[in-house]
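Quick notes on the structure that follows.
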Amino acid sequence: MMQAPKRAMVMAAGLGTRMRPLTNDRCKALVELGGKSLIDWMLDRLAEAGVEEAVVNVHHFADRLESHLSQRAAPTLTISDERAELLETGGGLAKAAPLLGDDPIFVANIDSVWREDGTESELRKLARAFDPDRMDALLLITPTANTLGFDGPGDFFLHEDGRLERRGERATAPYAYTGVQILNPRVLEGLPVEPFSTNLIWNTALEAGRLHGCVMDAFWMHVGDPEAREAAENRLRSFS
Numbered sequence: 093m094m095q096a097p098k099r100a101m102v103m104a105a106g107l108g109t110r111m112r113p114l115t116n117d118r119c120k121a122l123v124e125l126g127g128k129s130l131i132d133w134m135l136d137r138l139a140e141a142g143v144e145e146a147v148v149n150v151h152h153f154a155d156r157l158e159s160h161l162s163q164r165a166a167p168t169l170t171i172s173d174e175r176a177e178l179l180e181t182g183g184g185l186a187k188a189a190p191l192l193g194d195d196p197i198f199v200a201n202i203d204s205v206w207r208e209d210g211t212e213s214e215l216r217k218l219a220r221a222f223d224p225d226r227m228d229a230l231l232l233i234t235p236t237a238n239t240l241g242f243d244g245p246g247d248f249f250l251h252e253d254g255r256l257e258r259r260g261e262r263a264t265a266p267y268a269y270t271g272v273q274i275l276n277p278r279v280l281e282g283l284p285v286e287p288f289s290t291n292l293i294w295n296t297a298l299e300a301g302r303l304h305g306c307v308m309d310a311f312w313m314h315v316g317d318p319e320a321r322e323a324a325e326n327r328l329r330s331f332s
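Heads up, the sequence shown is in the working numbering, so the first residue is 93 and it goes up one at a time.
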C-alpha cells in the first residue's frame, strides 16, 4: 500500500463566475458554507488525511485569499501566483509542478464538500487505492444519484479493474468526478505553462489505461453556485 500523499495542490484561482453575486467581493474559495470558507473545508480534509504541505493557486481576489490563508496553522501553504494569467486547471498544475515534488499528490477543487460517514476518511481510502505502478491518476468519483449540486449527465463509466471510461457520445454515465484526485507528478513533465484543462492530462492517461476511479461512500455536495450553496447549507443542518 502506498503511503498517503504528504503534498497537495488546491485549485483556487478560478473567477467564480457561476457563484455570482457571492463572488462579487471575494473569490469562490472564500465563499462560506456552514460558517467556514470553501477552501478551509478542503484544507481541513487534506490535513486530516495527513497532508503536510499544500500548494494553492491564486488569481481572483488573490490578496484577500492570501491574507486568509496566512492565518492557517496546517497544512503548510505555498502560493502559486497566477495573478498575471489565469491558467485553468492543467496550466495551473504545470506552473506549480516545481513546487509539488516527485511523489504522488492530492489535487483538489475547492467546491467539493462531503460529510464523512465511514470509519475511514474518503481521502485516506483514495490514497490506499492508489497504485503508482498501474495509475497516473486516480479520481474520486461518486454515483450521480448520490450528489447535491450536480445536474450533469455523468462523467465516467467504471470498469471492474478500476479503469475509467468517458461518457463519450452516450446520453448518461453513472459516475461523476468529485473534484478530488491523486496524480503522479511525472505526468506534468514537459507540459506548457499556458491555459489548458486537466482533461488533456486525463486523456493521455486514459489512452494508456492508467486513468482509474475510486468510488466515494459519503454524500457529495458540489457547491458551484448560490443555489447549490443554499441547498448544501440545508443538508448540513439536517446532518446535525
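Virtual Cβ for every residue (Gly too), placed ideally from N, Cα, C.
Top-ranked residue by Cα proximity to residue i, from the options
i: Ile-202; options: Leu-218, Asp-136, Glu-208, Pro-266; result: Asp-136
i: Arg-262; options: Glu-252, Pro-245, Ile-274; result: Pro-245
i: Thr-211; options: Ala-141, Glu-322, Leu-114, Trp-133; result: Ala-141
i: Leu-256; options: Arg-278, Asp-117, Val-279, Asp-228; result: Asp-228
i: Gly-183; options: Glu-286, Asp-253, Asp-247; result: Glu-286
i: Leu-178; options: Asn-295, Pro-190, Ala-154; result: Ala-154
C-beta atoms of residue i and residue j nearer than 8 angstroms
i: Ala-121; j: Glu-174; result: no
i: Met-308; j: Ile-233; result: yes
i: Ser-204; j: Val-148; result: no
i: Cys-119; j: Gly-108; result: yes
i: Arg-99; j: Gly-316; result: no
i: Asp-209; j: Ala-324; result: no
i: Leu-192; j: Pro-277; result: yes
i: Leu-339; j: Ala-221; result: Absent from the structure is residue 339, since the part of the chain shown begins at 93 and ends at 332.
i: Leu-185; j: Pro-167; result: no
Residue i to residue j span [Cα, whole Å]
i: Glu-145; j: Met-101; result: 9 angstroms
i: Met-313; j: His-152; result: 23 angstroms
i: Leu-328; j: Leu-114; result: 19 angstroms
i: Val-123; j: Ser-129; result: 5 angstroms
i: Trp-206; j: Gly-241; result: 12 angstroms
i: Ala-320; j: Ala-237; result: 15 angstroms
i: Arg-216; j: Ala-96; result: 7 angstroms
i: Gly-354; j: Leu-280; result: What the structure shows of the chain is the stretch from 93 to 332, and residue 354 is not part of that stretch, so it cannot be assessed.
i: Phe-249; j: Asp-223; result: 19 angstroms
i: Arg-156; j: Trp-133; result: 17 angstroms
i: Arg-164; j: Val-143; result: 14 angstroms
i: Ala-176; j: Met-103; result: 16 angstroms
Unbroken beta strand (DSSP E) run spanning residue i, endpoints
i: Pro-235; result: 229 to 235
i: Leu-169; result: 168 to 173
i: Asn-201; result: 197 to 201
i: Met-101; result: 99 to 103
i: Met-313; result: 311 to 314
i: Leu-256; result: 256 to 258
i: Thr-270; result: 267 to 275
i: Ala-141; result: Segment: none, Ala-141 is in no beta strand (DSSP E) and carries neither H nor E.
i: Ala-146; result: 145 to 150
i: Phe-248; result: 248 to 250
For residue i, the first and last residue of its enclosing alpha helix (DSSP H)
i: Phe-331; result: 318 to 331
i: Asp-155; result: 154 to 161
i: Gly-78; result: Any answer about residue 78 is impossible in this case: the structure gives the chain only from 93 up to 332.
i: Glu-299; result: 290 to 299
i: Leu-303; result: Run containing Leu-303: none in the alpha helix (DSSP H); it sits in the beta strand (DSSP E), 303 to 307.
Test: residue i CB closer than 8 angstroms to a CB of chain D
i: Gly-142; result: Note that chain D does not occur in the displayed structure, where there is just one protein chain.
Uninterrupted beta strand (DSSP E) stretches inside the segment 200 to 227 (no shorter than 3 residues) = 204 to 207
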